[in-house]
Amino acid sequence: MKFMNNVYQVITVAKKEYIDALKNRVFIIFVSFLLILTFVSIIVSSFDFQAKVISYQTALAELQASHQIIQNLTAPEFYPLQLLRGTIEYIEIIGAILAIVLGYLSIAKEKGNNTLQLLFTRPISKIKLFFGKFLGNVLLLTSVSGFMFFGIYLIISLIGKTVITNIEIEKIFLSFIFSIIYLSTFFSISALLALIFKSLSNSLILSFVIWIVFVLVIPQIGDTLDPDNQVPGGLFNKIGITQKSDQLTILKDFSSYEKARDSLEQSSFTKHYERLIFALLGIKDMYNGKTINFIINDKNSDILWLVSAMILSSTLTSIIFTKKKLINK
Amino acid sequence: MNKTQNIISISNLTHIYKNKKALDDLNLEISKNEIFGFLGHNGAGKTTTISILTTLLKPTSGNAKICGFDVVKDSMEVKKLIGYLPENVKFYDNLTAYENLEYFAKISGIKNPKEKIFDILKFIDFEGIENKKIGEFSKGMHQRIGIAQAIIHEPQVLFLDEPTSGLDPMGIKKLREIIIKLNKEKQMTIFMNTHLLSEVAKVCTTIGVLNSGKLIYKNSLKETLKRFNNENSLEEIYFNIEQ
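Protein sequences, first through last, are from chains L and A.
The first sequence lines up with residues 6 to 334 when you count with the numbering used here.
The second sequence lines up with residues 42 to 284 when you count with the numbering used here.
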């Protein structure tokens, strides 16, 4: 009975958070922006993909019509999940802003309006209040991501005129789960800063500083320093060194440089998210055709980073929410 | 002191904030069904007192009890017995009045609050606004919703922090009527922080004056007016007490 009462109170808070955010104009603007960008990017790339498939099928039909031997021809490989590259980048950048806005609205607005103070005088524990807030906002981020990934699946299937296999669906689903973890981390960081700082505008500014550093600056520096990114199409490809083993042999001479560059990238959990999702979706070519188990094993350190960042930020937020005096006196 | 008679008992309450005594050995008892007006200039310690009584702050020393329950040790029990309207509170402006009240009712443990919400709105003469967004409300309407959320779980004690602050004369009159009605019809004890002496004279049954964290005066309004019968207004009485 007591357990059911606790669940009821947590769900009440979660439901209010969900509805309140859905009615918030700032949130709706960011969600619309994210969805429009994602869907436009997927529609355009799906048409491009469709054109490539049609072009291949036409060429094949012409060859067959001219009775040429086609048994020995290698069929080109189409990887529809690579079309999600733009989407993942939008989640990294705009999705993170969306989560920051949610974290700010959930804590800072209530602090500023004195409703948090009022809630603390109600017969509900602070930890239940926190769980309700966290659950409501994570569910909201889940709904937005779910809608986005489902829309992408439909667009690729209908416009790209390709059949998404069960394994590819599983890979999309895993990308969706890891995207929620990534976004929840930004939600928690923003909420944490709103709890710590007396000045709510300062907390928002610092959230965006963190966003700029982890989402834009560090990954950009890492990419810029990557030897293979120095010329369009890749340095090794340009000079004709296409074998991965040859590339690795050359890179051995630059191991210190590469280690420093990699360490810099490792410090950004956005980069861990990107590395993991790019592997899952086969955006990084070497992971195309690999099983989910292989990718998960190969990317376990990125998963660990991502999950640890989420657990650490949400735990810290819950501790500050329950322990800190959040009233003006 | 008898628990049943004194609904609020404060003993030797001290609160130190940033090396300054916000409350200094405060002793105060408030009987059931009183409308207590807590007077004092800005920074006298009124809001600190209300924050401790509503379990928001822990005192540095001393104790306070509501209906016999300690505000620190039995805070969850105390929370069930009190309603609170803080100063300058803004409710969830994207939600309707009904959604706001439903939220506060549910987190206070009321499972099906619909009937209760309509009863409360009728009680405070505020029917027909349930589907309006709070963001469209005037300050006076906001305060009435504030009272509604504070009494939705039928508390024994209602704490109001500067409830008439920023209201127009009509809003003040309406709020005054609601406070008196709550006390008379629902037998609610009301603890009101205010610096508006005119309000105290029209609403309160007992007054207390706080100065630099110390209670320097407490008596019934009737006795106070009798004692200072030479003074023309409560304002003059207040300055006399403060001096």
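Glycine residues also receive a C-beta, built at the ideal position from the N, C-alpha and C atoms.
Since the structure is predicted, the reported quantities are computational estimates derived from the model, not experimental observations.
Residue i beta carbon near the ligand MG (any heavy atom closer than 8 Å)
i, result
"L:I102", "Absence of the ligand MG from the depicted structure is noted, as is the absence of any ligand whatsoever, leaving it without description."
Nearest candidate by alpha-carbon position, reference residue i, set the options
i, options, result
"L:G91", "L:R30, L:P81, L:I105, L:I41", "L:I41"
"L:F178", "L:T147, L:A199, L:I194, L:L198", "L:T147"
"L:S268", "L:D307, L:K21, L:F139", "L:D307"
"A:T265", "A:T137, A:C245, A:V119", "A:C245"
"L:A199", "L:I255, L:E173, L:I105, L:P224", "L:I105"
"L:E97", "L:V45, L:P224, L:I48, L:Y158", "L:P224"
"L:F5", "L:L163, L:V36, L:F326, L:I172", "Chain L is shown from 6 up to 334; residue 5 of chain L falls before or after that span and cannot be answered."
"L:T79", "L:K131, L:Y61, L:M6", "L:Y61"
"L:S50", "L:A64, L:K133, L:G165, L:L121", "L:G165"
"A:N153", "A:K99, A:F164, A:Y139, A:K173", "A:Y139"
"L:G156", "L:S46, L:T247, L:N234", "L:S46"
"A:K255", "A:I48, A:H82, A:N47", "A:H82"
"A:A85", "A:E70, A:A63, A:K106", "A:A63"
"L:F202", "L:Q122, L:L134, L:K329, L:L281", "L:K329"
"A:I161", "A:I278, A:I219, A:M211", "A:I219"
"A:F159", "A:M117, A:R217, A:N141", "A:N141"
"L:L309", "L:V220, L:I217, L:L121, L:S273", "L:S273"
"L:V1", "L:E173, L:S111, L:L134", "This structure cannot speak to residue 1 of chain L, because chain L is shown only from 6 to 334."
"A:N129", "L:N234, L:I174, L:Y109, L:L121", "L:L121"
"A:S50", "A:P100, A:D65, A:A191, A:K106", "A:K106"
"L:T190", "L:D290, L:K257, L:I215, L:I246", "L:I215"
"L:L144", "L:Q14, L:A265, L:L188, L:E263", "L:L188"
"L:S212", "L:L107, L:E82, L:D290", "L:L107"
Sheet register partners of residue i (DSSP bridge)
i, result
"A:N234", "A:F79, A:D202"
"A:E70", "A:S50"
"A:V250", "A:L80, A:Y258"
"A:I19", "Residue 19 of chain A falls outside the range modelled here, since chain A spans only 42 to 284, and no answer is possible."
"A:K174", "A:T137"
Beta carbon proximity, residue i to chain L, threshold 9 Å
i, result
"A:K44", "Reliability of the predicted coordinates at A:K44 is poor, the pLDDT of 43 falling under 50, and the value obtained from them is presented with this limitation in mind. So no, A:K44 is outside the interface."
"A:I49", "no"
"A:Q197", "no"
"A:L136", "yes"
"A:V130", "yes"
"A:Y133", "yes"
"A:S149", "yes"
"A:L98", "yes"
"A:F145", "yes"
"A:P204", "no"
"A:E156", "no"
"A:E140", "yes"
"A:Y279", "no"
"A:I324", "Any answer about residue 324 of chain A is impossible in this case: the structure gives chain A only from 42 up to 284."
"A:L216", "no"
"A:T95", "yes"
"A:L54", "no"
"A:K243", "no"
"A:M117", "yes"
Residue-chain proximity (residue i, chain A), Cβ-Cβ < 9 Å
i, result
"L:Q122", "yes"
"L:N234", "no"
"L:K334", "Bear in mind that the predicted position of L:K334 carries a pLDDT of just 46, short of 50, making it unreliable; the figure below should be weighed with that in mind. So, interface residue."
"L:T17", "yes"
"L:I112", "no"
"L:I129", "yes"
"L:D25", "yes"
"L:K330", "yes"
"L:I105", "no"
Are three or more beta carbon pairs between the region 85–95 of chain A and the region 53–61 of chain A nearer than 8 Å?
yes
Three CB pairs or more closer than 8 Å across the region 306–322 of chain L and the region 205–214 of chain L
no
Assess contact between the region 177–196 of chain A and the region 102–110 of chain A, defined as three or more Cβ pairs (one per stretch) separated by less than 8 Å. Is contact present?
no
Tell me, please, whether the region 225–233 of chain A touches the region 74–87 of chain A by the rule of three or more beta-carbon pairs shorter than 8 Å.
yes
Would you check if the region 278–289 of chain L and the region 79–89 of chain L touch, i.e. whether three or more CB-CB distances between them fall below 8 Å?
yes
Pairs of beta-carbons, one from the region 172–183 of chain A and one from the region 106–117 of chain L, closer than 8 Å: are there three or more?
no
In chain order, what are the residue ranges of uninterrupted alpha helix (DSSP H) at least 4 long that sit wholly in the region 77–158 of chain A?
87–94, 116–122, 138–148
Any contact of the region 124–140 of chain A with the region 195–210 of chain A, i.e. 3+ C-beta pairs under 8 Å?
yes
Touching by the beta-carbon criterion (3+ pairs, under 8 Å), the region 188–196 of chain L and the region 317–325 of chain L
yes
Check whether the region 12–25 of chain L and the region 127–139 of chain L are in contact - that is, three or more C-beta pairs closer than 8 Å.
yes
contact_flag[the region 95–104 of chain A, the region 124–136 of chain L] where n(CB pairs < 8 Å) is 3 or more:
yes
Assess contact between the region 127–136 of chain A and the region 23–39 of chain L, defined as three or more Cβ pairs (one per stretch) separated by less than 8 Å. Is contact present?
yes
If we count Cβ pairs, one from each stretch, closer than 8 Å, do we get three or more for the region 146–154 of chain A versus the region 148–161 of chain L?
no
3 or more residues per run - each beta strand (DSSP E) lying fully within the region 302–331 of chain L
none
Would the region 286–305 of chain L count as touching the region 167–185 of chain L if we require 3 or more Cβ pairs under 8 Å?
yes
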